[in-house]
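Data first, discussion second: the structure below is written as structure tokens.
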Amino acid sequence: MRERRLQELEEHIHALGTTSLDELCEHFNVSKNTIRRDIQVLLEKGTIQKVYGGVTSLSQELIPFESRDITNQAVKRAIAKRAAQFVESNELIFIDSGTTTRSIVEYLPRTGKLTIMTTSLDVINAASHLENVSLLVLGNIYKRDTKSFVGSDELFLLDKYNINKAFMAATGVSVASGLTNSDVMEYEIKKRVAEKAKQVYLLADASKFGRSTLLTYSPLDKLDAIITSQGIPEEYEKYCADKGISVYFAEET
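Residue numbers for the sequence shown, in UniProt numbering: 1 to 253.
Here it is in structure tokens:
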């Protein structure tokens, strides 16, 4: 029994890349003491290492951005297209970095003034030639693996501007841990944007639900809407209905 759990635990950590002890306890329905003992076995095996609050895989690097962009590409584009329908003229919107959020620009209206604030290089490139769009860029350090800008030196910009809508990405989504990601440098920007925006939209396909990683940048109940694909767990649909969070399912074309 334990050998099978150890194998599943190792595979789960490698699949997520980085995860928290709380997420592992929740996923395997065991106590923290049990998880700690199991993790010690894997540490001795040398396939994982401890990080603050959790563990990270040593057998798998972060999946390259280009490879992640191919995964569920049609679903991601459908979600981005649905999200673009909520953008109105004269708004200031934040578009998070990510392989789903990056496609929003393709579906934005080409008339009516719009200001986009972003950390994503792909969003910057896509919007740079649009005459109706003004760009505000956050972050002063470029991360090649996520094609995004990070850093907290320019967070004062968030205090100056009123963000009408934020279109956010997440590595994991859970009731207990909320919206999570694994990068400390991305975390600060995501957290501040989620707090500042008048409306927060999460763009995440069904595979992200029931997962969590090290850092929670926003509680789930702070969302205004979720744009996702078919197949999210029923408990999340019920939770959103109870909390007044709108859920929109994107249709692939």
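Cβ coordinates follow ideal geometry from the N, Cα and C atoms, glycine included.
Cutoff 6 Å; reference residue i; Cβ partners in own chain excluding five residues on either side
i, result
"Thr-71", "Note that Thr-71 scores a pLDDT of 49, beneath 50, so its modelled location is shaky; the value from the coordinates is reported in the next line. Taken in chain order, the list of residues that qualify is empty."
"Asp-153", "Asn-140"
"Ser-177", "Ser-212, Thr-216"
"Gly-151", "Gly-139, Asn-140, Ile-141"
"Tyr-236", "Phe-209"
"Lys-81", "Tyr-107"
"Phe-149", "Thr-119, Gly-139, Tyr-142"
"Gly-53", "Ser-20, Leu-214"
"Glu-44", "none"
Neighbourhood of residue i by C-beta, 8 Å cutoff - its chain only, sequence neighbours within 5 removed
i, result
"Leu-58", "Gly-46, Thr-47, Ile-48, Gln-49"
"Glu-91", "Leu-114, Thr-115, Asn-164, Lys-165"
"Ser-89", "Pro-109, Thr-111, Gly-112, Lys-113, Leu-114"
Host beta strand (DSSP E) of residue i (start-end)
i, result
"Ile-232", "From DSSP, Ile-232 is part of no beta strand (DSSP E); its letter is neither H nor E."
"Leu-202", "199-203"
Own chain partners of residue i with C-beta closer than 7 Å, once the 5 adjacent residues on each side are dropped
i, result
"Ile-13", "Thr-19, Ile-48, Val-55, Ser-57"
"Arg-68", "Reliability of the predicted coordinates at Arg-68 is poor, the pLDDT of 47 falling under 50, and no value is obtained from them."
"Lys-76", "Thr-99, Thr-100, Ser-103, Asp-205"
"Asn-132", "Arg-110, Thr-111, Gly-112, Lys-113, Leu-114"
"residue 274", "Nothing can be reported for residue 274: it is not among the residues displayed for the chain, which extend from 1 to 253."
"Thr-181", "With the sequence shown as reference, residue 181 is identified as Asn, and Thr is not the correct amino acid for it. Once the five neighbours on either side are set aside, the close Cβ partners of Asn-181 are Ala-170, Thr-171, Tyr-187, Lys-190, Thr-213, Leu-215, Tyr-217."
"Ala-127", "Val-105, Ile-116, Val-133, Leu-135"
"Glu-66", "For Glu-66, the predicted structure reports a pLDDT of 49, less than 50, and the residue's modelled location is therefore unreliable. A value from the coordinates is still provided. Taken in chain order, the list of residues that qualify is empty."
Collapsed DSSP secondary structure at residue i in the structure displayed
i, result
"Ile-104", "helix"
"Gln-49", "strand"
"Ile-141", "strand"
"Thr-57", "Thr is not the amino acid found at residue 57; the sequence shown has Ser there. Strand, per DSSP."
"Val-133", "strand"
"Thr-115", "strand"
Residues that residue i bridges to, as DSSP identifies them
i, result
"Ala-166", "Phe-94, Val-200"
"Ser-148", "Ser-120, Lys-143"
"Leu-214", "Answer by DSSP bridge pairing: none, since Leu-214 is not bridged."
"Gly-178", "Ser-174"
"Val-193", "Answer by DSSP bridge pairing: none, since Val-193 is not bridged."
"Phe-156", "DSSP output for Phe-156 lists no bridge partner at all."
"Ser-246", "Ala-225"
The alpha helix (DSSP H) enclosing residue i, as first and last residue numbers
i, result
"Val-75", "73-84"
"Phe-28", "21-28"
"Leu-16", "2-16"
Integer-rounded CB distance, given that residue j should sit under 8 Å from residue i
i, j, result
"Ser-212", "Ser-174", "5 Å"
"residue 266", "Leu-158", "In the structure as shown, the chain starts at 1 and stops at 253, and residue 266 therefore has no counterpart that could be examined."
"Leu-203", "Ile-79", "5 Å"
"Ile-232", "Ala-250", "Incorrect: roughly 12 Å between the Cβ atoms, too far for contact."
"Phe-28", "Ala-83", "Actually they do not touch by this definition, with Cβ atoms about 33 Å apart."
"Leu-16", "Ile-35", "Wrong, their Cβ atoms sit about 14 Å apart, outside the cutoff."
"Gln-199", "Asp-224", "4 Å"
"Asp-38", "Arg-4", "Their Cβ separation, rounded to whole angstroms, is 11 Å, which puts Asp-38 and Arg-4 out of contact at 8 Å."
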